[in-house]
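Down below is the structure, laid out as C-alpha cells.
Numbering (this note's numbering), first residue to last: 471 to 912.
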C-alpha cells in the first residue's frame, strides 16, 4: 500500500471543498522535492476554507442588523484577526469628499485616535481606486512617489493593501490593511478574500444608508405630525373659546331684551320680546352644545332637541307635569350651518304648540321624532291639544313664527307637511347630498 501524504483532517477538508477551489498539483507525489509544495498548497486550502467560513460569518452579521456602524466595526475587527495585520481601517468620504478613517479595528494599537484622519494614499491613488482596482504595496521603498513615502513614514506604514468599496460603479470608500512591523507580501487569495468582503460591505453600506435615511424621514414625519397635532389642538381650543364667547354674547343680548321687556305693559309687545329671546336662546344653545362637545364641528342634535324642549317649557311657565313630552330621537349629528336653521325651526314649532295648543290650566302632549333615512332627515313635531284644531296656513302673514319656519325649510331645500285632526303635526323632510354633513352618532 502506498504511503498517504494527507492526515485525516486534511482529507476531510479536501472532501468539503468545491471543484472550483481545487489547486492543480504535480503528479509526482513520491518525490521528496514536492513535499514542501504540497504542504504550501494544503496550507492555502486551509486558508481558503477558513476565509470562506469567515466571509459567511461577515455576510450573516450584515444580514442580522441594519445598523451600519455595527456592521462596519464588526467587519474590520474580523479582518484584522483573520489576516493578522497591525491595522485595519475603513475609509469613507467626509462632507468635503475627502477619504477619512471611519472605523478602526479594536485590535489596532492606536485605537480610536485614528478616527477622522486623512489618508494621502487615497488622495493619490483615487483615479485607480475609483476604477475598482486595489492598491497592493508589499513594501514602502524608494521607487514610490515622495509624498507617499512621507505619508508612510509619518503613519508608520511598511506595507499596505487598499481595496476600494464600489456600489454600482460608484466609489464610496475603501478597506485598508496595514503592516507596521515590516514588509509583507500580499497573497492573491488574501486580496481576493478582501475584495469579496468589500463587495458585501458596499451593499451593506448602501442598505444601511437607506435605512438611516428612512429613519430620518420617519423621525421628521413624526415631528411634523406632532406639530400638526399641537396646531390642531390650539385651533380646537380657539374654536372652543369662540363658541363660548358667541354663546355668552347671545345670552347678554337675551338678558338685555329681558331688561327692556320689564318696562313694557302691552301683552302683545311683551310676547314679541319673549319670542325674540327664545330665538336667541335657541341659537345660543347650539354654541353651548358645540363648546361642550369633543367634536367642535358637529352638534349632537338629538341632545340639543331634548335640552331646547325643556328650556321652552320652562320659559312658558308650565309645570313639568302639565306637559307630557315624548321624544323619539335618532342619534343624529349636524354641522353648524344645518344645525342653526333646524334649531330655529324646532324652536318655532314647540313654541307654537305651547302658545296655541296648550294652556296652563290644561294638560297637553307634545311629541318630537327625529329619524335618518339614507340621506334624508325626517323631523316630526306634534301636539294633541284641542286648541290647535284651528286650520293653519303657512302662506299667511299673520304669524311671524310660521313664516320663519317656511323660509328656513326652503333654505334647507326641504319639504313641510301639516296634518290636523284635533291636533297638529308638522312633518319636515330635509334631503342631504353625500357631500353634506349628516351622520348617525354611534
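For each residue, glycine too, the CB sits at the ideal point set by N, CA and C.
query	result
Can the beta-carbon of residue 897 be found less than 8 Å from the beta-carbon of residue 887?	yes
So, helix, strand or coil for residue 601, using DSSP?	coil
Would you report the Cα separation of residue 522 and residue 671, rounded to the nearest angstrom?	15 Å
Secondary structure at residue 899, three-state DSSP: helix, strand or coil?	strand
Return yes when the C-beta of residue 572 is under 7 Å from any heavy atom of the ligand SAM, and no when it is not.	Here there are no bound small molecules, and the ligand SAM is not part of this structure.
So if DSSP puts residue 875 in a beta bridge, which residue, or which two residues, is it bridged to?	Bridge partners of residue 875: none, in fact.
When the Cβ atoms of the segment 564–571 are set against those of the segment 703–711, are three or more pairs found closer than 8 Å?	no
Which class does residue 589 belong to by DSSP, given the choice of helix, strand or coil?	coil
Taking DSSP as the reference, what is the three-state secondary structure of residue 853?	strand
Since I believe residue 591 is in contact with residue 630 (beta carbons under 8 Å), could you give me their beta-carbon distance rounded to a whole number of angstroms?	7 Å
Can you tell me which of 599, 529, 579 and 870 puts its alpha carbon nearest to the alpha carbon of residue 742?	870
What residues are listed by DSSP as bridge partners for residue 563?	569
Taking residue 648 as part of the beta strand (DSSP E), name the residues at either end of that continuous run.	640–649
Can you list, in chain order, the residues of its chain with a C-beta nearer than 6 Å to that of residue 587? Leave out the 5 residues immediately preceding and following it.	571
Within a Cβ cutoff of 6 Å, which residues of the same chain sit near residue 557, ignoring the five residues on either side of it in sequence?	578 and 648
Going by beta-carbon coordinates alone, are residue 606 and residue 656 separated by less than 8 Å?	yes
So which of 820, 538 and 576 has the shortest CA-CA distance to residue 776?	820
Quick one: what's got a C-beta closer than 8 Å to residue 748's C-beta in the same chain, skipping five residues either side?	782, 785, 817 and 821
Can the beta-carbon of residue 635 be found closer than 8 Å to that of residue 626?	no
For residue 734, which residues in the same chain have their Cβ closer than 6 Å to its Cβ, ignoring the five residues on either side in sequence?	740
Taking contact to mean at least 3 C-beta pairs separated by less than 8 Å, is the segment 756–768 in contact with the segment 722–738?	no
Could you pull the start and end residues of the alpha helix (DSSP H) that residue 716 belongs to?	658–731
Quick check on DSSP: helix, strand or coil for residue 777?	helix
Short of 7 Å in beta carbon distance, which residues of its chain neighbour residue 912, apart from the five on each side in sequence? Order them along the chain.	Bear in mind that the predicted position of residue 912 carries a pLDDT of just 45, short of 50, making it unreliable; the figure below should be weighed with that in mind. Closer than 7 Å at Cβ, skipping near neighbours: no residue.
Name the residue from 771, 745 and 744 whose alpha carbon lies nearest to the alpha carbon of residue 757.	771
Starting from residue 748, trace the alpha helix (DSSP H) both ways and give me its first and last residue.	737–762
Is residue 604 buried or exposed, if buried means 16 or more other CB atoms sit within 10 Å of its CB?	buried
Comparing C-alpha positions only, which one of 810, 837, 836 and 824 sits nearest to residue 878?	810
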